[in-house]
Structures are given as structure tokens and as C-alpha cells.
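Working notes, structure below.
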Amino acid sequence: MIVSFAQLSPMNILARLLSVLVFALTCFVGGALLLVALTIAHPPQAKTPSYRSVRAEPEAKPAFSVILSRLPLLPSFSRGKQLVTVMIENHETARPHQKGLSDALLIEEFFVEGYISRFAALYDVKHLPGILGPVRSLRPYFIDGILPWSHIFIHAGGSPEALGRFATDPTITSINGLHFYDHFQRDESVPAPHNLFLADDRALDLLPSDLPSIPWPPYPVGNASGGSEASVISINFFNPTNNVTYTFDPGLGRYIRKNGDIVSEAEPSNVLLLQIPVLGEGESGRLQINVLGRGKAMLFRSGRAIEGRWRKDASSKAFVFEDLSGQPLPLGRGQTWITVVDSLEGRVKWK
26 MIVSFAQLSP
36 MNILARLLSV
46 LVFALTCFVG
56 GALLLVALTI
66 AHPPQAKTPS
76 YRSVRAEPEA
86 KPAFSVILSR
96 LPLLPSFSRG
106 KQLVTVMIEN
116 HETARPHQKG
126 LSDALLIEEF
136 FVEGYISRFA
146 ALYDVKHLPG
156 ILGPVRSLRP
166 YFIDGILPWS
176 HIFIHAGGSP
186 EALGRFATDP
196 TITSINGLHF
206 YDHFQRDESV
216 PAPHNLFLAD
226 DRALDLLPSD
236 LPSIPWPPYP
246 VGNASGGSEA
256 SVISINFFNP
266 TNNVTYTFDP
276 GLGRYIRKNG
286 DIVSEAEPSN
296 VLLLQIPVLG
306 EGESGRLQIN
316 VLGRGKAMLF
326 RSGRAIEGRW
336 RKDASSKAFV
346 FEDLSGQPLP
356 LGRGQTWITV
366 VDSLEGRVKW
376 K
């Protein structure tokens, strides 16, 4: 039976209107609660700043089907590393206090004023040592020698020529310890100015998150071929305090480095010596060294000495290392230590 609206009593009409109102309110409240629950479960993503720590939270893992779709691309990225360069002091006063050299992927050693050597140590930012240092000032030939493997340089001051490079070249970045007092620390037990150190967590706070991934190692790795036996290498740095001796340890497959009376914590697998002349001395005795060009090289690895040549065509291009037949020098796996000297014949001996 169909009942018309006019046949209902006022109380019945009011009751039905209240029922409709309650139903509508229930739907509204339920929808609102559902929206709140979804918002809590999936909060909106905050915008990421353009400059932040590399320790940011990792992105969510993609679905397995997405991983499978990317498999053909993975091999080219599997060895990629984000790299940063740290200037390490090698003055005789600083030498006993050096930290972090054993963790460097590659070290470049050049003369500085007084013909004392200094290091540009190249690190994977994902595996920084706990303490780095003593951090020291920068010279322009270190920049040219490291590029293009790393574009970030951690240092404490530098020559006008080196600091000027950051003003004219937007592809390189300076992290100058003299401007970040809250991040770098002075060890009062070490004589100044050889006492500036940087902890890994402080270093990470200073690094941008968008560092490029560089394939590493950037050179061929393989077995040693040819060459002559060379278990001990001696490099003349003008006086016994600074002279360097490498002794090959066949059990480790690495070289024990002794600098003066100090045994280094670094044990390189490859010792690569490049002959690059010192062109002159500038203001305050700063050396003029041009790493662009080509010249003689000696590779020591696996207890053998292999003659070769180096080439670097531009700052933006990496060093090329070849044997005398023009084939790439096969380096061993592990740390590579590159030392630049003004003369191989006059400064280097081996047996």
C-alpha cells in the first residue's frame, strides 16, 4: 500500500525528516574520518631543498616488477661512487697525526712550497673515515689533477690562484674549513696550523645531496704483465725526513709506505709515479706546475715495475695511463697512490 505525504501525521513527518538528517550526517562524518585516516597513512611529501645532507632518508624501494624492468641498466651503475676530495697535510709535524688515508680510493701527491709534498685524497662519501686530516690549503694543480673524478674540494684556505678557480668555474665547489668553524675542529695536542680535522658526520652535513655518481675505478683493472721485479721503491724528496720508501708485501699484495720515520696507514696496491716538471716559483715560494700535457710514468704493482706514459688533454678530462706500446696500463684492485715528481731518473730508484 502506498501512503501519500498528506496522509502522514505531523509527528511522522518530523520523525522521517530526522532520520534523513541523521543518515546524511553519518555519511558526512564517515567520509571525513576516512579522509583523515588516508592522510595519516600517506602524508603529503614535503618539498626537498636543493642543498641538503647526503644522509637524507633513502627513497622507498620500487616494486619488484619495476626492478626487473631496470635490470638492463644496472651494470653501468653498479660501480658508481659519489666522490669528494680532501686536502691532507704532509709536513713532518703533521705526519704522525694523519687520519683517514687508508680509506681513500686514490691519493695524488704533489710538491708544495719548500718541496714538501701534500695530498689530495679522493673518498667515496658513503664510506668516509671517522676523522679526516690534518686538512690543509689548496693549490690549482691539485684541482686540475683530480678533475673530472671529483668536483668538490674540502680544504683550509688556498693560494689566490686556487681560490680564484671557484669564482670562475661553476662546475667545482669549495668547502673551505676556514669558513666553517662549527664543522671543523682544532686538535690542541697537535701544533698549529697542522691541527685542523674534520669528522665524517660534519663532512656529510656540508655536502650537497646531488653529487654525481662516477664509475669507479676509472681505469682498466687486470693482471700485471711485463715489467721487471721491483719490491722496494725509493723516492728522493730532498732530505731523509721527507724521503719515501715503498716495500711490497706479497702476502697483502700491497705496498707499505714509509715517509721519513713514519709508516703510513695507507697501503696502496698501485704506486704510480708521473714525471711533471716544476716550471718555477711564484709569490711566497708557491710552485708552478702544469698537469696538462704528457710525459713519462712508472707503475709499480704486484712487486713489478712497468714503464709507461701519462697524458691529460684538459682539466675536464681524466689522466690517461698507457704502457710504451700504447695500451692502457692495467692497475691492480685497491688504492692507487699517484706521486708527481720533477724527474723520474733523478728521484726514483727501485730494486
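Remember, our numbering sits 25 above the position in the sequence shown when you count from 1.
Where is the CB? At the ideal position from N, CA and C, for every residue including glycine.
All values derive from a computational prediction rather than experimental measurement.
- Rounded to whole angstroms, the gap between the alpha carbons of F222 and G139 is 23 Å.
- Only buried fits K106, as 16 or more other CB atoms lie within 10 angstroms of its CB.
- Boundaries of the beta strand (DSSP E) harbouring T361: 361-366, taken from the DSSP string.
- Taking C-alpha positions only, G359 is separated from Y148 by approximately 13 Å.
- Going by beta carbons, D128 and P154 fall inside the 8 Å limit.
- Of the candidates Y271, A192, P173, the residue whose Cα lies closest to the Cα of N261 is Y271.
- Within the stretch 197-226, the complete beta strand (DSSP E) segments at least 3 residues long are 198-201, 209-211, 221-224, listed from N- to C-terminus.
- Contact check between the stretch 106-118 and the stretch 204-212: fewer than three CB pairs, one atom from each, fall below 8 Å, which does not count as touching.
- In the DSSP assignment, A343 falls outside any alpha helix (DSSP H) and carries neither an H nor an E.
- Taking a cut-off of 8 Å for Cβ pairs, the stretch 109-124 and the stretch 174-192 touch, as three or more such pairs fall below it.
- Of the other Cβ atoms in all chains shown, fewer than 16 fall within 10 Å of the Cβ of F263; this residue is therefore exposed.
- Under the criterion of beta carbons closer than 8 Å, E114 and R161 qualify as touching, at roughly 4 Å.
- By the neighbour-count criterion, in which a residue is buried when 16 or more other Cβ atoms sit within 10 angstroms of its Cβ, H219 is buried.
- Judged by beta-carbon spacing, A343 lies beyond the 8 Å limit of R334, meaning their Cβ atoms are not closer than that value.
- Inter-segment contact for the stretch 165-172 and the stretch 129-138 is present: three or more beta-carbon pairs are separated by less than 8 Å.
- Between the alpha carbons of G310 and F325 lies a distance of about 31 Å.
- Proximity to D338 across V316, L354, P355 peaks at V316, based on C-alpha coordinates.
- For the set R319, S350, S340, the Cα lying nearest the Cα of I331 is the one of S350.
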